[in-house]
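Peer 1: Positions 3 to 145 (our numbering) are the ones given, in order, by the sequence shown.
Here it is, the structure, as structure tokens.
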Amino acid sequence: MATAQTTRPSSWWERLTERCYAASTPQLVRDVQHEAGTTYQKLLTDLDSPLERGFEREMARQLGAGQPATFVPAKTLMPVMMQRFGLQDAELAAQPGYGALRDTCNACPVVGHCWQAMRAGAEVEECRGFCPNAEAFERRAAE
Numbered sequence: 003m004a005t006a007q008t009t010r011p012s013s014w015w016e017r018l019t020e021r022c023y024a025a026s027t028p029q030l031v032r033d034v035q036h037e038a039g040t041t042y043q044k045l046l047t048d049l050d051s052p053l054e055r056g057f058e059r060e061m062a063r064q065l066g067a068g069q070p071a072t073f074v075p076a077k078t079l080m081p082v083m084m085q086r087f088g089l090q091d092a093e094l095a096a097q098p099g100y101g102a103l104r105d106t107c108n109a110c111p112v113v114g115h116c117w118q119a120m121r122a123g124a125e126v127e128e129c130r131g132f133c134p135n136a137e138a139f140e141r142r143a144a145e
């Protein structure tokens, strides 16, 4: 005999607290950034650090808006992105054009999306769709 799973409907209090948290998340992220800067930097640069989904989404949104200005995508995201394409940062660093790749990464218009994708372990196929350095990485990987 099959048993039906029943889910208990959320109480009004649970819905209220969820909405309050969702509404306050942008301010919470800004507060952590300003009041616990070192911790915030660690959360940004440790792509394996577990984060609550809404908090992570807000961090990505703020990255996309250029906050914090001290975040350097080429330092945190580019080495991981290069690994997706089968490249190693140390090997590429000595090659001509490496500085241009870093400049492109640091000026990336989708840095928030990239940060979330690298945290989620995005595969190379997904990365091709948004990374401005994707073609250059593919050319270098083919060499």
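C-beta atoms are modelled at their ideal positions from N, C-alpha and C, and glycine is treated no differently.
Since the model is a prediction, treat every value here as computed from it, not as a measurement.
1) Which value, in whole angstroms, describes the spacing of the CA atoms of H36 and E145?
2) Have a look at E54 and T19 and give me their C-alpha separation to the nearest angstrom.
3) Candidates T40, V31, M80: which alpha carbon is nearest A62's?
4) Express the C-alpha separation of Q64 and P70 in angstroms, rounding to a whole number.
5) Where A102 and G39 are concerned, what is the direct C-alpha to C-alpha distance, given to the nearest angstrom?
6) Three-state secondary structure (DSSP) at N108?
7) What does the alpha-carbon distance come out to for the pair V136 and A124?
8) Would you mind working out which of Q85, F87, M80, W117 sits nearest D105, comparing C-alpha positions?
9) Please confirm whether L18 has its beta-carbon closer than 9 Å to some beta-carbon of chain C.
10) Taking the C-alpha atoms as reference points, what is the distance between H115 and T47?
Peer 2: So, from the data block:
1) 44 Å
2) 15 Å
3) V31
4) 7 Å
5) 29 Å
6) helix
7) Reading off the sequence, residue 136 comes out as Ala, not Val. So the alpha carbons of these two residues sit roughly 13 Å apart.
8) M80
9) Although the question refers to chain C, the structure presented lacks it and comprises just one protein chain.
10) Cα to Cα, H115 sits roughly 15 Å from T47.
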